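Throughout the sequence shown, residue numbering follows our numbering, covering 145 to 572 in sequence.
Working notes for the structure below.
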Amino acid sequence: MRLRDIIDVVVIGSGPSGIMAAIAAAQQGAKTLLLEKGDRPGRKLLISGGGRCNVTNARGTDHIIENTPGNGRFLHSVFAQWSNESIIDFFTSRGVALKEEDRGRMFPVSNKAKTVLDALRREMVALDIQESYGEEVVEIEQTKTHWNVVTRNRKIQTHALVIATGGCSVPQTGSTGDGYRFARGIGHTLVAPYPTSVPLTSEDSFITQGKLQGLAFRDCVLTLFDPKGKKVTKEQGDLLVTHFGLSGPVALRISQYVVKTMAKFPQERFLPIVVDTNPTLNQEERFAFWQSAFHSSARKAIRNILREHLPDRFGELFLSEYSLDPYLEGAQVSQKMLKQLVAWEKEWPVQVTGTLGLEKATVTGGGIHLKEIEPTTLASKITLGCYFCGEVLDLHAHTGGYNITVAFSTGYVAGRHAAEYALYQPLG
């Protein structure tokens, strides 16, 4: 039985997943309302990709699932309905020209996230979606015939509900964990949230003394080990040394494994990471390279030879760590020093003490337990007419177009099925 004067679908949250959920619901013919406690939509979208909005990744869905370390296999049914190719088609068919950059990352040609948000907002207007900003939801209630969405101003009746409130990361965009409270209130369980895609912290002297602060390494490899010396994972990408530890894409990719490994070994103060600053050549090749470099500059000070091939401060730190005379001539370099230099370049040791907190993370790990979510529709298995999408779920992917793909795709699937439920099999 469908009630009069009732919203078919209410979507809570106007991040990428919430906006796409509202659009998908309205495309099915559902009367749709988008609620947002902030004063405008898409605040996280506007700062994504450095303000350019990396809308998706062009590589295959299997690759995207591989880059979704937080329960990526759950997404097979979602991507079968709406994939990265669907996202590309959605935006290009609405006048947003896209371009592919390194590692499959897709950006608007304008290099402006506003271009993406404007297209989404135009679509919402075209579909006659009701939008309400500055309206915070404080409670959701289920009755025998409908849902009540209670805000600080009113009580809204709806046949179906989509919770797209995000996680706890980047709280200034409005992601403060509201959806967790709503989900718990209707009987769902929660995997404790934790930071992912977050910088790493270290108390190594070169960090605390700022010796390498601001130094960047291109396309290096980080390998994380547990305290027993077992390799946990390996990631490749750009690295930035900061005043508190390590940042840059490769540090962010490895961060969730640091969090999980620290949790397994709570008595340990740090975990070892080994950095390969030049992964294109193996140790034997680098040994031969340095042997030739010192031989051809036999009368030159090793400090100056190192400057020709390594970042200045990285070479100086090597000399300092091994108490080597910077004015030693190339001809005087021993086999032992060559091995030490290659090890420094290929197996640079860093001890990490953890990560920055959730408020500094780009992505939230944890969330609503997926065993309680129907994977094809993203409907609650506990109650009827309630759907979830985006980071409120225990799903998270790497940055680089992967996490936003999860947001858009789960948003579309949740919104579409919420509308089908509201229109054809509502409560009562």
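Quick reminder that beta carbons are idealized off the backbone N, C-alpha and C, glycines included.
Everything numeric in this text was worked out from a predicted model, so none of it was measured.
query: When DSSP builds the beta bridges, which residues end up paired with His540?; result: Gly214
query: With a threshold of 16 other CB atoms inside 10 Å of the CB of Ser436, please say whether the residue is buried or exposed.; result: exposed
query: Please report the residue range of the alpha helix (DSSP H) in which Ser345 lies.; result: Sequence check: residue 345 is Thr here, not Ser. Unbroken run through Thr345 is the beta strand (DSSP E), 344–346; no alpha helix (DSSP H).
query: Roughly how many angstroms separate the alpha carbons of Glu489 and Asn215, rounded to a whole number?; result: 35 Å
query: Is there contact here, the region 300–313 with the region 456–467, by at least three beta-carbon pairs under 8 Å?; result: no
query: Can you tell me whether His574 is buried or exposed? The criterion is at least 16 other CB atoms within 10 Å of its CB, across all chains shown.; result: A question about residue 574 goes unanswered here, because the residues of the chain that appear run from 145 up to 572.
query: Checking the sheet assignment: what are the DSSP bridge partners for Lys258?; result: DSSP output for Lys258 lists no bridge partner at all.
query: Here's the rule: buried if 16 or more other CB atoms are within 10 angstroms of the residue's CB, otherwise exposed. What is Ile526?; result: exposed
query: Run through DSSP, which three-state label would Arg298 get?; result: coil
query: Looking at the structure shown, is Arg325 part of a helix, part of a strand, or coil, going by DSSP?; result: helix
query: Drop a sphere of 10 angstroms on the beta-carbon of Lys299, count the other beta-carbons inside from all chains shown, and report buried for 16 or more, exposed for fewer.; result: exposed
query: Per DSSP, which one or two residues make a beta bridge with Ser524?; result: Ile517
query: If we call anything under 8 Å between Cβ atoms a contact, is Ala165 one with Ile273?; result: no
query: Taking only runs of the beta strand (DSSP E) that begin and end inside the region 365–413, which ones reach a length of at least 3 residues, in chain order?; result: 375–385, 389–391
query: From the DSSP output, read off the bridge partner residues of Ser276.; result: Leu179
query: How would you label Ala327, buried or exposed, when you count the other beta carbons within 10 angstroms and need 16 or more for buried?; result: buried
query: Near Glu283, which residues of its chain fall below 7 Å by C-beta distance, leaving aside the five closest residues on each side in sequence?; result: Val294
query: Buried or exposed for Tyr338, please, with buried defined as at least 16 other CB atoms from any protein chain shown within 10 angstroms of its CB.; result: buried
query: Opposite Glu245 in the DSSP bridges: which residues?; result: None, per the DSSP bridge assignment.
query: Alpha carbon to alpha carbon, what distance is there between Val155 and Gly310?; result: 12 Å
query: Suppose you measure from the CA of Arg413 to the CA of Thr497; what does that come to, to the nearest Å?; result: 6 Å
query: Using DSSP's beta-bridge definition, name the partner residues of Ala304.; result: Val153
query: Return the CA-CA distance between Asp262 and Lys175, expressed in angstroms with no decimal places.; result: 21 Å
query: By the three-class DSSP mapping on this structure, what secondary structure does Met145 have?; result: Since pLDDT at Met145 reaches only 43, below the 50 mark, its modelled position is unreliable, and the value read off the structure follows with that caveat. Looking at Met145 - three-state DSSP - the assignment turns out to be coil, as it is neither helix nor strand.
query: Touching or not, the region 219–230 and the region 551–560, by the rule of three or more beta carbon pairs under 8 Å?; result: yes
query: From what residue to what residue does the beta strand (DSSP E) around Trp593 run?; result: No information on residue 593 is available, as it lies outside the stretch 145 to 572 that the chain covers here.
query: Locate the alpha helix (DSSP H) running through Gly459, then write down its first and last residues.; result: 456–465
query: Below 8 Å, how does it come out for the region 312–328 and the region 179–199: are there three or more Cβ pairs, yes or no?; result: yes
query: Taking all protein chains shown into account, decide if Glu452 is buried (16 or more other Cβ within 10 angstroms of its Cβ) or exposed.; result: exposed
query: Are the beta-carbon atoms belonging to Val269 and Val240 less than 8 Å from one another?; result: no
query: Can you tell me where the alpha helix (DSSP H) holding Glu229 begins and where it ends?; result: 228–236
query: Over the uninterrupted alpha helix (DSSP H) stretch that includes Gly555, give me the two end residues.; result: 546–568
query: For Val269, does the three-state DSSP call read helix, strand or coil?; result: helix
query: Rounded to whole angstroms, what's the CA-CA distance from Arg325 to Trp492? Just pull it up for me.; result: 44 Å
query: Hey, is Arg217's beta-carbon within less than 8 Å of any beta-carbon in chain E?; result: Reference to chain E is not applicable here, since this structure consists of a single protein chain.
query: Touch check for the region 350–360 and the region 373–390: three-plus C-beta pairs under 8 Å?; result: yes
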